[in-house]
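Encoded as structure tokens, the structure appears first; notes follow it.
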Ligand code: ATP
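Numbering (UniProt numbering), first residue to last: 55 to 328.
In structure tokens:
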């Protein structure tokens, strides 16, 4: 199940151009990735290679998209996973899965003839949370295995492996993960500003017929505080409103109604979890 899902996720090619806003984050990430590409120069200068990049920020801001684009940019195989996939009742299973993940990345790189592999772990806080007090041993073993794999990354040169992890709770992470030589690059992926929101709306409007008078600038203004994922929903809901009315094009009022709908949806979600 998880294995197939990982493979499926890795199939679609995604570039930085398809990520709206996030100019700083994209720039910082590309700079870090250049270290992976220019590994010969890095080695000659004796620079410590980057093993891990931590993407931090609220949900739905494009952290997964960034990791996928990173794989495309560096011509690496992409292997994705989530911290919750490593949580198991039985001691040792999580650690085994970590080992499997790295093995999978190496095998795929060999099979696809790639020089490098990017391993993405979403929700890293689930396995990399602070190890204080009487926490479960299972978590310890899984985290230890991850640290072991990270430490071993440069014992073999081919393929080169880069770990990208995402969390929206950086303060929860165990300090062992944040030490130099582990996740020592941190990139903040924030909620988009107005310009970013407009860019994201435009990207998600590309395959949708917008009415000539639809004004995405205004929608960007009205959607203050929305994440990329919410903006994607706004475009999608607007298309559904248009369809319900039997129209061929999305009009401004459909977009405005969708903003309210997405905002309300969030509110009821939150209330139901309180
Ligand atoms: P989470 O922390 O919840 O896993 P995330 O930060 O990894 O979220 P993604 O999974 O990358 O977020 O984004 C979810 C979806 O939202 C994307 O598939 C895309 O449709 C849309 N999206 C989010 N951010 C952007 C963006 N910056 N540009 C374009 N689309 C975006």
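Just so it is clear, CB atoms sit at the ideal spot from N, CA and C, and this is done for glycine as well.
message = I'd like the span of the beta strand (DSSP E) that includes residue 151, first residue to last.
response = Per DSSP, residue 151 belongs to no beta strand (DSSP E); it is in the alpha helix (DSSP H), 147-165.
ask   = How far does the alpha helix (DSSP H) with residue 176 in it reach, from first residue to last?
value = Note, residue 176: premise wrong, no alpha helix (DSSP H); beta strand (DSSP E) at 170-176.
Any non-hydrogen atom of the ligand ATP closer than 7 angstroms to residue 119 Cβ = yes
message = I believe residue 313 touches residue 273 by the beta-carbon criterion, under 8 angstroms. Please report the beta-carbon distance rounded to the nearest angstrom.
response = 7 angstroms
ask   = Between which two residues does the alpha helix (DSSP H) harbouring residue 212 extend?
value = Per DSSP, residue 212 belongs to no alpha helix (DSSP H) and is neither H nor E.
Alpha-carbon spacing of residue 243 relative to residue 302, whole angstroms = 36 angstroms
request  = Give me whichever residues DSSP pairs with residue 75 in a beta bridge.
outcome  = DSSP, once it has assigned bridges, lists no residue as partnering residue 75.
key: Cβ contact (3+ pairs, closer than 8 angstroms) linking the region 231-242 and the region 99-109   = yes
request  = Could you tell me the boundaries of the alpha helix (DSSP H) in which residue 180 lies?
outcome  = 179-182
query = Is residue 124 helix, strand or coil when you go by DSSP?
reply = helix
inquiry  = Assess contact between the region 125-141 and the region 248-263, defined as three or more Cβ pairs (one per stretch) separated by less than 8 angstroms. Is contact present?
reply    = no
ask   = Would you call the CB atoms of residue 103 and residue 160 closer than 8 angstroms?
value = no
Sub-8 angstroms separation of residue 124 and residue 175 beta-carbons = no
request  = Quick one: which unbroken beta strand (DSSP E) runs of 3-plus residues sit fully inside the region 82-139? Chain order, please.
outcome  = 106-110, 131-136
query = With burial defined as no fewer than 16 other Cβ atoms inside 10 Å of the residue's Cβ, what is the status of residue 177: buried or exposed?
reply = buried
inquiry  = Less than 7 angstroms separating the Cβ of residue 243 from some heavy atom of the ligand ATP?
reply    = yes
key: residue 80, buried or exposed, once every other Cβ within 10 Å from all chains shown has been counted against 16   = buried
ask   = What first and last residue would you give for the alpha helix (DSSP H) that runs through residue 236?
value = Careful: residue 236 lies outside any alpha helix (DSSP H) and carries neither H nor E.
key: DSSP state of residue 221 mapped onto helix, strand, coil   = strand
ask   = Excluding sequence positions up to five away, which residues of its chain have a Cβ less than 7 angstroms from the Cβ of residue 311?
value = 295
query = Shortest alpha-carbon distance to residue 194 belongs to which of 69, 94, 228?
reply = 228
task = Go to residue 289, then tell me how far its alpha helix (DSSP H) extends in each direction, as first and last residue.
result = 282-298
ask   = Looking at residue 87 and residue 128, is the spacing between their C-beta atoms short of 8 angstroms?
value = yes
task = Go through its chain and collect everything with a Cβ distance to residue 208's Cβ below 7 angstroms, but skip five positions before and after it.
result = 103
ask   = Nearest-angstrom Cα distance between residue 271 and residue 118?
value = 26 angstroms
query = How many whole angstroms separate the CB atoms of residue 257 and residue 76, which I take to be in contact at a CB cut-off of 8 angstroms?
reply = Rounded, the Cβ-Cβ distance is 12 angstroms, inconsistent with contact.
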